[in-house]
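Novice: Before anything else, here's the structure in question.
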Amino acid sequence: MKIRIGIISLKGGVGKTTIALNTALYLSKRYKVLYIDKDLLSMGSLILGFNGLGFHKAIVEGLGNEQYEYKVNNNLTLFKLYSEPVNEKELHDKMKDIGEKAKKAYVDVISKGYDVIIVDYGRIFRINDPLVYDEYEMFKKNFPDYLIATVGITDAIRNDITNVVKYFLDTINGTKAKPLAFVINMVPPISDIQKEIGQMAREISEVVKCDTLIIPFNEKLVQYSNIGEVEEMQKLGKLIERILS
1 MKIRIGIISL KGGVGKTTIA LNTALYLSKR YKVLYIDKDL LSMGSLILGF
51 NGLGFHKAIV EGLGNEQYEY KVNNNLTLFK LYSEPVNEKE LHDKMKDIGE
101 KAKKAYVDVI SKGYDVIIVD YGRIFRINDP LVYDEYEMFK KNFPDYLIAT
151 VGITDAIRND ITNVVKYFLD TINGTKAKPL AFVINMVPPI SDIQKEIGQM
201 AREISEVVKC DTLIIPFNEK LVQYSNIGEV EEMQKLGKLI ERILS
């Protein structure tokens, strides 16, 4: 089985990039993994030490793949999509005008036998947003053998959890993707809050029809320390590992 997993949420600051990076690094110990950075600020790329210009700008200016494709380790490759947050829509439109050349460059990155593709949607995934959705459509058309799955991420605030559950379900229904997991992240080490979140997680599992994972707050993770090595952040990776096995 080959699988593409979109990491989505309704807002920033909930740990999408932290979870996406930890999951990609964990799975790369056993599988061939591609991490697609679809954050306008390219935070995942920066954390991994890559400062290339990004796919859109490289294609528009006729530059090489060293500007958007980066080998992190033997089994993990980074694909940086965006280039300039302010001008990204303009770059995206110019890239579409280039047509077949842009499509070939995209396919060349993806078609290298990846077992797992992790997509960090720093920008909110919406079907009516071409800047996000066009890449997804291109992937589906060119790589139909991949299972498309989605992971929802929220912080531990009740209203946020409720809103992200609705968004998660709407996204799954709109894309027909498999609900893989719903993650409640950064849960404070306070017993009353942990009990409340535990009860909500059990209720949510019945609604979203997938595993609900609870990840406690860890100051080191906020600072992006020990990426890929913290046990709490390996929960999603281990779940995916079981599916692949």
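So the sequence shown is numbered by UniProt numbering: it starts at 1 and just counts up by one. For each residue, glycine too, the CB sits at the ideal point set by N, CA and C. Since the model is a prediction, treat every value here as computed from it, not as a measurement.
#1: Tell me where the beta strand (DSSP E) around V86 begins and ends.
#2: Using a Cβ distance threshold of 8 Å, determine whether the segment 99-119 contacts the segment 4-20, with at least three qualifying pairs required.
#3: If you reduce the DSSP assignment to three classes, tell me which class M1 lands in.
#4: Suppose you measure from the CA of A20 to the CA of G44; what does that come to, to the nearest Å?
#5: When the Cα of F55 is compared with those of I47, N73 and I36, which residue comes out closest?
#6: Between K178 and I148, how many whole angstroms is the CB-CB distance? I'm expecting something under 8 Å.
#7: Going by DSSP, name the residue or residues bridged to I181.
#8: Leaving out five residues on either side along the sequence, give the residues of the same chain with a beta carbon under 7 Å from the beta carbon of F217.
#9: So what's N51 in DSSP terms, helix, strand or just coil?
#10: Using alpha carbons as the reference points, say which of I204, D155 and N87 lies closest to V14.
#11: Can you round the beta-carbon distance between I240 and T17 to whole angstroms, since I take them to be within the 8 Å contact cut?
#12: Taking Cβ to Cβ, would you say I193 is nearer than 8 Å to I214?
Specialist: With the given structure in hand:
#1: If you look at V86, you'll find it isn't in any beta strand (DSSP E); DSSP assigns it neither H nor E.
#2: Between the segment 99-119 and the segment 4-20 there are three or more C-beta pairs closer than 8 Å, enough to call the two in contact.
#3: coil
#4: 8 Å
#5: I36
#6: 7 Å
#7: Checking the sequence shown, residue 181 turns out to be Ala, not Ile. The secondary-structure analysis by DSSP pairs A181 across a beta bridge with V151 and D211.
#8: M186, V187, P188 and P189
#9: In the three-state reduction of the DSSP assignment, N51 falls in the coil class.
#10: D155
#11: About 17 Å; that fails the 8 Å criterion.
#12: no
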